[in-house]
Amino acid sequence: MTSVEHSLIYDSFISLSQLTNLEIYQMQSGEVPMFGNRCEQLIRSSCSSLRIFRFYFLFRPLSLRDLKQLMNSYATPFFLKEKKWFFNCHLCASDRGRLYSKQTMFYTFPYSMKTLTTYENSLKKTMSKVPIDDHLNIYRNVKILIYENYPQINNDFNRTKINNLVIDTQFESIHWLHTLTNLQQLHIDSYGYISIEQFRLLLDNASRLYSLSLRKKSID
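First residue of the sequence shown: -3, per the numbering used here; consecutive thereafter.
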């Protein structure tokens, strides 16, 4: 998404005074999203009826200072208390052989995408303290988990409906293997590895599994 496209989206707010639901998804790396103070100003002046606001932005890396400024611009009483909109940000770096890449993901809770990637060497920055609520499942929409790094154990993983698991690193998440009861497809990629014990436990719980692909020596 280019800066011109960003501008067109936000300029359209002016003619959408009755808008109640807004979702913006930037799937390819693009421009840095609008800062929270400007976004708040537009919503207050042009979209006062807005109740649901979801987005996912993928953009080029920022310095930690600039990233914190972006995060803090959305950590205001308007977003967190009045609207109860919560946000998260990942600064990710991946180093695979000769390939090295960095990117930033900025998104609303609950995570809206069907695919979640746990990036290698990811630095997670939480923009706001999500209130403890047994009814809030941050990852409830995730169907495909691409496992490139060991994710922090989160109780929300116990309530996911993951049906497709891609393992692309050494698998170390034995603690929530029992939750993958809905798993239908398992792919162990070129960098993936899983122990015999973990593999057996996974198969014991994945009674719906119908597709399995793996490379040689990915199980030991």
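For glycine and all other residues, C-beta sits at the position ideal for the given N, C-alpha and C.
Remark: C-beta atoms of residue 135 and residue 165 do not approach each other more closely than 8 angstroms.
The segment 11 to 26 makes no contact with the segment 61 to 81, as fewer than three CB pairs between them are under 8 angstroms. Cβ contact annotation for residue 33 (same chain, cutoff 7 angstroms, sequence separation greater than five): 69, in chain order. Taking a 10 Å sphere around the C-beta of residue 189, we find 16 or more other C-beta atoms and assign the residue as buried. A Cβ-Cβ distance of about 16 angstroms is found for the pair residue 211 and residue 192, leaving them out of contact under the 8 angstroms criterion. According to the DSSP assignment, residue 209 belongs to the beta strand (DSSP E) that extends over 207 to 210. When only Cα atoms are considered, residue 14 and residue 35 end up about 17 angstroms apart. Leaving aside the five residues that flank residue 45 on each side, the residues in its chain whose CB is nearer than 6 angstroms to its CB run, in chain order, 14 and 16. In terms of Cα proximity to residue 108, the closest of 99, 98, 82 and 195 is 82.
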